[in-house]
Every structure is written in structure tokens, then in C-alpha cells.
Amino acid sequence: MTVLMFCVISLAWAKESEEIKDVAIEGTIQGLNCISTGKTCPVGKEDPLIATERFFVLYTKDADFYMVPNLDRAIMARHINEIVRISGKLHVKYKSINADKFEVLDDGKWVKTWPFPMENYQIGVGGMPTWK
0 MTVLMFCVIS LAWAKESEEI KDVAIEGTIQ GLNCISTGKT CPVGKEDPLI
50 ATERFFVLYT KDADFYMVPN LDRAIMARHI NEIVRISGKL HVKYKSINAD
100 KFEVLDDGKW VKTWPFPMEN YQIGVGGMPT WK
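In C-alpha cells:
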């Protein structure tokens, strides 16, 4: 019985590991409503249609889209219609990416915009009081 349980658990784990893989996908940020209805998406950051969008997705050149649930809506909206690259773990079944890094193409170079760089953080710099 123990061997049978081990086989079943091993098969389930192997199937799950096939569905999750590390990726770096390029595309643009678009509103899910726009993508799913086929309507014209906001033309820029000033377009009031952005305020009506509840969810933003990564839209690829192959007309495919991916949800990025761990990125805040405000971060996604800030880069609407810009070419971006999101690196992280892709869950194939749910077409979602658990992002590790969010980069924007700026003047031919990829610029990391999320997560914010904390490696240069110093106590007493940037609004933190110095306790002497």
C-alpha cells in the first residue's frame, strides 16, 4: 500500500512540475477587458479607459496573454503599451506568471522596474532617521 501511495504521489508531483517552468516572456501590458473583447485598448497613459480596467495582462506578439497576479495593478498600468519582459515561473494550466522580475525596454536597453532595488539601502539615508 505504501509503495502504491508513493507512486501516485510521485506521478502527481511529476505532472505538476511539467506545468510550472521558468520563463522570460516579452510583450506589452494591456487591459484584460480589451484583450478578451477585441476592442481598442487605451492609446496612452492619459486615456480614461485605464481607470475602468480592473486587471492588466502581459500580451505577447503571438496574440496570447498571461495573468501576473503578484504584480500590483498600478505597476502594470504605469507601463501600458510599453514593451516589457517579465521573468518568473509560468503556470501553464492557468496561463499565469509568478513574476520574479519586471523589465521595460528603454532606448534599446532593459531596465528593471520591479522589484525595487533594495541592495543599496542604507540606514539613515532616504527618510530613515539616524539613531545616534
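Under numbering that gives the first Met the number 0, the residue at position 66 of the sequence shown is numbered 65, and the numbers go up by one with no gaps.
Glycine included, every Cβ here is placed at the ideal spot set by N, Cα and C.
**Q.** Any 3 or more C-beta pairs closer than 8 Å across the stretch 25-32 and the stretch 45-62
**A.** Flag = yes, the stretch 25-32 and the stretch 45-62 touch.
Q. For V160, which of P114, N80, K88, D61 has the nearest alpha-carbon?
A. Nothing about residue 160 can be read from this structure; the chain reaches only from 0 to 131.
Q: Please classify L31: does DSSP put it in a helix, a strand, or coil?
A: The residue labelled residue 31 in the question sits at position 32 within the sequence shown. Reduced to three states, the DSSP call for L31 is helix.
Q: Closer than 8 Å by C-beta to V83: which residues in its own chain qualify, once you throw out the five before and the five after it? Chain order, please.
A: For the purposes of this step, residue 83 is taken as the residue at position 84 of the sequence shown. E25, G26, T27, I28, L57, F101, E102, V103, L104, listed in sequence order.
Q. For N97 versus K111, is the C-beta spacing smaller than 8 Å?
A. For the purposes of this step, residue 97 is identified with residue 98 of the sequence shown, where counting begins at 1. For the purposes of this step, residue 111 is identified with residue 112 of the sequence shown, where counting begins at 1. Not closer than 8 Å, so no.
Q.
When you compare the CB positions of W156 and L70, do they come within less than 8 Å of one another, or not?
A. Absent from the structure is residue 156, since the part of the chain shown begins at 0 and ends at 131.
Q.
Helix, strand or coil, according to DSSP, for R159 in the structure here?
A. For the chain, the structure presents residues 0 to 131; residue 159 sits outside this window and is missing.
Q) Quick one, which of C33, T51, A76, K44 has its alpha-carbon nearest A62's? A) By 1-based counting over the sequence shown, the position of residue 62 is 63. Checked all of C33, T51, A76, K44; the closest Cα to A62 is C33.
Q) If you check the beta carbons only, do E18 and V67 fall under 8 Å apart? A) Along the sequence shown, read from residue 1 onward, the residue named residue 18 stands at position 19. Along the sequence shown, read from residue 1 onward, the residue named residue 67 stands at position 68. No, these two residues do not count as a Cβ contact at 8 Å.
Q. Can you give the Cα-Cα distance for G37 and A73, rounded to whole angstroms?
A. Indexing the sequence shown from 1 puts residue 37 at position 38. Indexing the sequence shown from 1 puts residue 73 at position 74. Each residue's Cα considered, the two are about 23 Å apart.
Q) Should Y93 be labelled buried (16 or more other beta-carbon atoms within 10 Å of its own) or exposed? A) Taking the sequence shown and counting its residues from 1, the one referred to as residue 93 is at position 94. Result: exposed.
Q: Determine the direct distance from the alpha carbon of S86 to that of D99, and round the result to whole angstroms.
A: On the sequence shown, residue 99 is found 100 positions in, with the first residue counted as 1. On the sequence shown, residue 86 is found 87 positions in, with the first residue counted as 1. Using only the alpha carbons, I get a separation of about 6 Å.
Q) Among residues of its own chain, excluding the 5 on either side of W109, which ones have a beta-carbon nearer than 8 Å to its beta-carbon? A) Looking up residue 109 in the sequence shown gives position 110. The residues are R84, E102, V103.
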